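Undergrad: Using this note's numbering, the letters of the sequence shown map in sequence onto residues 222 to 350.
Pasting in a structure now, in structure tokens, and then I'll have a few things to ask.
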Amino acid sequence: MDHRLADGAPLKTFAAAVACVLALLALVPACQPTNATPGAEARCTSRCIDKAPRCAPDSCERGCRFVLDRLVEHEGATILACVAKSTAEQCAADSTWARCAVELGPYADGGAAPPHIPRWNEEKDDNSE
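Structure representation (structure tokens):
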């Protein structure tokens, strides 16, 4: 019994379609939202919910994930104090969390001054070498 029509094109097309559907189904679990990871991120999320009541829990979770590097540096309390002053709309914005993360510790004043770069003497005589 031959299931091929026109040199096997329909059977190949069906096999390709099945492969695409299976690949898409394998990606569905990857699209699900994840909960905060245990440790600094989870502690930050629960403290954010307590200390910043205007922030939605999902905003707290996203924000704590966004500033994870500062949490590891034990700057979470300062960041949450800053975020707690914001409105609900500001709480959901990454820019609020970023601003609160850089306005603390050694980063509060913009960091260290750039190194001195010597300049060429513009008055130097062109004939001297």
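Each residue gets a CB set at the ideal place from its N, CA and C atoms; glycine is no exception.
Every value quoted in this text rests on a predicted model; they were computed, and no experiment measured them.
Is the number of C-beta pairs between the segment 259–270 and the segment 297–312 that are closer than 8 Å three or more?
TA: Short answer: they touch.
Undergrad: To which residues of the same chain is residue 326 closer than 8 Å at the C-beta, ignoring the five residues directly before and after it?
TA: Your numbering for residue 326 matches position 105 in the sequence shown. Contacts found: 294, 296 and 299.
Undergrad: Could you give the C-beta distance for residue 289 and residue 261, rounded to a whole number, given that I count them as a contact under 8 Å?
TA: Locating residue 289 in the sequence shown gives position 68, counting from the first residue. Locating residue 261 in the sequence shown gives position 40, counting from the first residue. Correct: roughly 7 Å between the Cβ atoms.
Undergrad: Which same chain residues end up closer than 6 Å to residue 281 when comparing Cβ atoms and leaving out the 5 residues on each side of it in sequence?
TA: Residue 281 sits at position 60 when you count from the first residue of the sequence shown. Cβ within range, chain order: 266, 269 and 270.
Undergrad: For residue 324, which residues of its own chain have a beta-carbon under 7 Å away from its beta-carbon, when the five flanking residues on both sides are left out?
TA: Taking the first residue of the sequence shown as position 1, residue 324 is located at position 103. Counting only Cβ-Cβ distances below 7 Å, and skipping sequence neighbours, we find 303.
Undergrad: Keeping to the same chain, check which residues put their C-beta closer than 6 Å to that of residue 287; ignore five residues upstream and five downstream.
TA: As a working note, residue 287 is residue 66 in the sequence shown. Hits under 6 Å: 315 and 318.
Undergrad: Below 8 Å on the Cβ atoms is my contact criterion, and I expect residue 309 with residue 276 to pass it. Report the Cβ-Cβ distance as a whole number of Å.
TA: Along the sequence shown, one-based indexing puts residue 309 at 88. Along the sequence shown, one-based indexing puts residue 276 at 55. Contact holds; Cβ gap of about 7 Å.
Undergrad: Closer than 8 Å by C-beta to residue 311: which residues in its own chain qualify, once you throw out the five before and the five after it? Chain order, please.
TA: In the sequence shown, the residue the question calls residue 311 occupies position 90. Result list for residue 311: 317, in chain order.
Undergrad: Using 8 Å for Cβ pairs, my map puts residue 313 next to residue 273. What's the rounded Cβ distance?
TA: As a working note, residue 313 is residue 92 in the sequence shown. As a working note, residue 273 is residue 52 in the sequence shown. Rounded, the Cβ-Cβ distance is 11 Å, inconsistent with contact.
Undergrad: Would you call residue 340 buried or exposed, if buried means 16 or more other Cβ atoms sit within 10 Å of its Cβ?
TA: Along the sequence shown, one-based indexing puts residue 340 at 119. With fewer than 16 Cβ atoms within 10 Å of its Cβ, residue 340 is classed as exposed.
Undergrad: What's the C-alpha gap between residue 291 and residue 320?
TA: Locating residue 291 in the sequence shown gives position 70, where the first residue counts as 1. Locating residue 320 in the sequence shown gives position 99, where the first residue counts as 1. About 12 Å.
Undergrad: When DSSP labels each residue in this structure, what does residue 336 get in the three-state scheme?
TA: The residue given as residue 336 occupies position 115 in the sequence shown. Coil at residue 336, not helix or strand.
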